[in-house]
Amino acid sequence: MKIGCHVSIAGGVQNAPANAAKLGGEVFQMFTRSPRGGPALKLSDEVVDQFFLEVKKYKFSEYVVHTPYYINFGSKNNRIFYGSVSVVREELERASLLGAAYVMTHLGSYKDLGREKGFAQLIKGLNKVLDGYKGSARLLVEISAGAGELMGGTFEEIKKIIVHPKFKSRRIGVCFDTAHAFASGYDLREAPAVKKTFAAFDKIVGLKNLKVIHANDSKIDLGGKRDRHDHIGAGKIGRAGFGAILHHAQLAGVNMYLETEHDLVEQDIKILKNLRFTR
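What follows is the structure, encoded as structure tokens:
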């Protein structure tokens, strides 16, 4: 299990590998565009070539892309819905151009349409995203914190999405965010709880579909239904939980990406690395 974090692309995506290396990352996550909105900057041949040179220089074997925050497949506003479809597809194409392994996305909310209509629209949207897609980057859906009407807040719903008949040949995978899962009610505080949670995930979703772990401690109590990341060991999950995840035999091939605040993210990486080698 390799450990890294989300890094800045200020000045261009070609700067991401160096930024990750400075923090001690063994892998890294990035945006390829502003997460707040606006058109994406073109990935010129020069930028892509420089990016690959930097990846090779710092010897990264895996890196991933996160879609912008404003994605909402459950919106009744067609501009937002079709805009979400367009942006996620663009991110898959851009990630493939950059050689990223995965693109993870939040899904949005059922607030506008309700669960039945909202779920149908979500499936429609993801199907449009993947229609005709030939790239190498694989789409991952991220478990949500279960707040309000957020999509994808339970293992059962994640399974319902990724095994949907429309996606038989699409191979949609899963990103497991520790803070989100904890806020949704999945205990990760001690080794027995971690074992139980991932056994349930395996039974319902299948660990073969788990491709990325977002490593974030939680400011929110178990089942608190709110998304508030904390630094490793400073939150309600605690170091023991992350140690158990790092030593879970069935998770050995799944890399960890921190999304904690950058003031202490370098320290968080060091903590996880130490836990990796501590029994």
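If you count the sequence shown from 1, position 64 lands on 63 in numbering that gives the first Met the number 0, and the numbers rise without skipping.
Glycine is no exception: its CB is placed at the ideal position from the N, C-alpha and C atoms.
Please state whether DSSP places T196 in a helix, a strand or coil. helix
Report the three-state DSSP secondary structure of S85 (helix, strand or coil). helix
Bounding residues of the beta strand (DSSP E) (the contiguous stretch that carries H179): Looking at the DSSP string, H179 is not in any beta strand (DSSP E); the run it does join, the alpha helix (DSSP H), is 177 to 182.
C-beta contact flag for M315 and C174 at 7 angstroms: Because the chain is modelled from 0 through 278, residue 315 falls outside the range shown and cannot be assessed.
What is the DSSP secondary structure of V211, reduced to helix, strand or coil? strand
Near L257, which residues of its chain fall below 8 angstroms by C-beta distance, leaving aside the five closest residues on each side in sequence? I2, G3, C4, H5, H213, A214, N215, I231, V264, D267, I268, L271
Counting Cβ pairs, one atom from each stretch, are 3 or more of them under 8 angstroms apart for the region 195 to 210 and the region 163 to 180? yes
Count the other C-beta atoms from every protein chain shown that fall within 10 angstroms of the C-beta of V162, then say buried if there are 16 or more, exposed otherwise. exposed
Quick check on the DSSP output: the beta strand (DSSP E) that includes F27 runs from which residue to which? 27 to 29
Residue environment, N77, which counts as buried when at least 16 other CB atoms sit within 10 Å: exposed
Could you name the residues of the same chain whose beta carbon sits closer than 8 angstroms to that of Q120, not counting the 5 residues immediately before and after it, in chain order? F72, G73, F80, L112
Apart from the five residues on each side of it in sequence, which residues of its chain come closer than 7 angstroms, Cβ to Cβ, to K158? I203, V204
The beta strand (DSSP E) enclosing N254, as first and last residue numbers: 254 to 257
Boundaries of the alpha helix (DSSP H) in which R114 is found, first to last residue: 114 to 129
Suppose the cutoff is 7 angstroms on Cβ atoms and the five residues either side in sequence are ignored; what does the same chain contact list for Y109 look like? G73, G117, E148, M150
Measuring alpha carbon to alpha carbon, tell me which residue in P164, D48, S168, Y101 is nearest V140. Y101
Range covered by the beta strand (DSSP E) that runs through V140: 137 to 141
Return the CA-CA distance between S60 and G98, expressed in angstroms with no decimal places. 10 angstroms
Looking at the secondary structure, which residues open and close the alpha helix (DSSP H) in which I244 lies? 238 to 245
I need the DSSP call for V64, collapsed to helix, strand or coil. strand
Run through the DSSP bridge pairs and tell me what T104 is partnered with. V140
Suppose you measure from the CA of G324 to the CA of S143; what does that come to, to the nearest Å? The structure shown does not extend to residue 324, since the chain is modelled only from 0 to 278, so the question has no answer here.
Taking all protein chains shown into account, decide if E25 is buried (16 or more other Cβ within 10 angstroms of its Cβ) or exposed. buried
Could you round the C-beta distance between M0 and V211 to whole angstroms and report it? I think they count as a contact, below 8 angstroms. So it is not a contact: roughly 11 angstroms between Cβ atoms.
Could you work out which residue in L42, Y132, L96, P34 is closest to S280 when comparing CA atoms only? In this structure the chain extends from 0 to 278, so residue 280 is not present and cannot be described.
For L91, is the classification buried or exposed, using 16 other Cβ atoms within 10 angstroms of its Cβ as the cut-off for buried? buried
Between Y57 and the rest of its own chain, which residues show a CB-CB distance below 6 angstroms, the 5 nearest in sequence each way excluded? P16, A20
Using a Cβ-Cβ cutoff of less than 7 angstroms, which residues in the same chain neighbour S135 once the five nearest sequence positions on both sides are dropped? S95
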